[in-house]
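Written out below as structure tokens is the structure these notes cover.
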Amino acid sequence: MNFWQKLSKPFTALAPMHDVTDTAFRQTVIACGRPDVLYTEFVSIDGLLHEKSQKRIVQYYLQFTEIERPIVAQIWGNDPKKFSDAAKIIESLGYDGVDINMGCPDKKVVAMGGGAGHMLEQEKAIACIKAAQDATTLPISVKTRLGFDEVDLKWIEKLMQSDIPALAVHLRTKKELSKAPAHWELVDELNKLSGRERVLLIGNGDWPRLNLDHLDGVMVGRGILGNPWFFSESGKPEKLEDRLKILKLHAELFEKHFLGIKSFAMLKKHIRGYVGSFHGAKNVREWLMDCKSIDELIAVCDILIA
Ligand SMILES: Cc1cc2nc3c(=O)[nH]c(=O)nc-3n(C[C@H](O)[C@H](O)[C@H](O)COP(=O)(O)O)c2cc1C
1 MNFWQKLSKP FTALAPMHDV TDTAFRQTVI ACGRPDVLYT EFVSIDGLLH
51 EKSQKRIVQY YLQFTEIERP IVAQIWGNDP KKFSDAAKII ESLGYDGVDI
101 NMGCPDKKVV AMGGGAGHML EQEKAIACIK AAQDATTLPI SVKTRLGFDE
151 VDLKWIEKLM QSDIPALAVH LRTKKELSKA PAHWELVDEL NKLSGRERVL
201 LIGNGDWPRL NLDHLDGVMV GRGILGNPWF FSESGKPEKL EDRLKILKLH
251 AELFEKHFLG IKSFAMLKKH IRGYVGSFHG AKNVREWLMD CKSIDELIAV
301 CDILIA
């Protein structure tokens, strides 16, 4: 039995977000209130399979810790053979599952036939899924969008019939990017598709708006930015001190995992999120934003918390 089958429904998932949801961020989210399933940010299978870049890619994108289980590594690419090889690597790293990105609208990714580009070569997309399935015992899930230019329910149906345990659907087309409101009104249509009974359906886009009885799970992306308490019962703390404690934890985890691997700027972009909306915290914000290193940020947090 794979982990998907053990989840109680409806479950929550932290969306994969490039340059955001690394292990330091995910552990911080868990400390605030944990989602049921976590995904890594997406990883190029070309990069992962390239001898020269593999070590860096694993350190940069694929570190994880035991508390993050169940954790799914998301990969993108276009070549079935490479999906097969990449799935084996993900398995050897100890992940609980592999997710194939079939929805990313980024021009470069689509031009290479990855992400939403799979919707234009649907038979090949299914071959990519099959290749990964045949290569590993890990469950292979898919995250996609409703269609390329238009809603394409046949695409969703095809995925539902491809023996995957879970399908996360960002309820927009590739063309809509993140501009149009997510089409939660189409969940009923998705529920009627053939193959639906064999797959866990995860809704995604602008966080949950519908009664979750219609879905097996919900995936949250931007709602977590600046609010790692999104999945907690109590929500974002009122006290500045409590927010700073979590910022400090994030900084410590970042230092532990990424010192010498990621630039300080990758951590710094989160600072505003923690204290941004806090009234009367202008000076605190400026002081934190002026920090030039992780150690300085941690020291300033300590002074402010004391
Ligand atoms: C900064 C950022 C990075 C993202 N990176 C990924 C990614 O690596 N893989 C992926 O499948 N989706 C990625 N997405 C899309 C999100 O996972 C999610 O589908 C989208 O933001 C809609 O959900 P939301 O309204 O809850 O944010 C990214 C979104 C954002 C904002």
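In UniProt numbering, the protein residues as written are 1 to 306. All C-beta atoms, glycine included, are put in the ideal place defined by N, C-alpha and C.
- Excluding sequence positions up to five before and after E157, its CB lies within less than 8 Å of the CB of L193, S194, G195, all in the same chain and listed in chain order.
- DSSP, read as helix, strand or coil, puts K143 in strand.
- For F148, the secondary structure class from DSSP, reduced to helix, strand or coil, is coil.
- Beta-bridge annotation (DSSP): M102 is paired with T144.
- Out of K108, N78, I164, the CA that lies nearest to the CA of Q122 is found in N78.
- Burial is judged here by how many other beta carbons sit within 10 angstroms of a residue's own beta carbon; R198 has fewer than 16 and is exposed.
- Sequence-distant Cβ neighbours of G117 in its own chain, meaning closer than 6 Å and more than five residues away, are V110.
- The beta carbon of C128 sits closer than 6 Å to the beta carbons of P80, F83 from its chain, once the five residues preceding and following it are set aside; these are given in chain order.
- Using a cutoff of 7 Å, the CB of Q63 does not count as near ligand 1, since none of the ligand's heavy atoms is closer than that.
- No heavy atom of ligand 1 is found nearer than 7 Å to the CB of N78.
- As DSSP reads the structure, V58 sits in no beta bridge.
- When the five nearest sequence neighbours on each side are left out, the beta carbons in the same chain lying within less than 6 Å of the beta carbon of R285 are those of V275, in order along the chain.
- Collapsing the DSSP output to three states places G203 in a strand.
- In this structure, the beta-carbon distance from N191 to A168 does not fall below 8 Å.
- In the structure shown, H257 falls within a helical segment according to DSSP collapsed to helix, strand and coil.
- A check of alpha carbon separations from I45 across Y61, W76, E68 identifies W76 as the nearest.
- Around the beta carbon of P181, fewer than 16 other beta carbons sit within 10 angstroms, so the residue counts as exposed.
- In the structure shown, F83 falls within a helical segment according to DSSP collapsed to helix, strand and coil.
- A Cβ-Cβ contact shorter than 8 Å links F278 with L240.
- Per DSSP, Y95 is not a residue of any beta strand (DSSP E), being assigned neither H nor E.
- Beyond the five residues adjoining it in sequence on each side, L159 comes within less than 7 Å, by CB distance, of V142, T144, L167 in the same chain, given in chain order.
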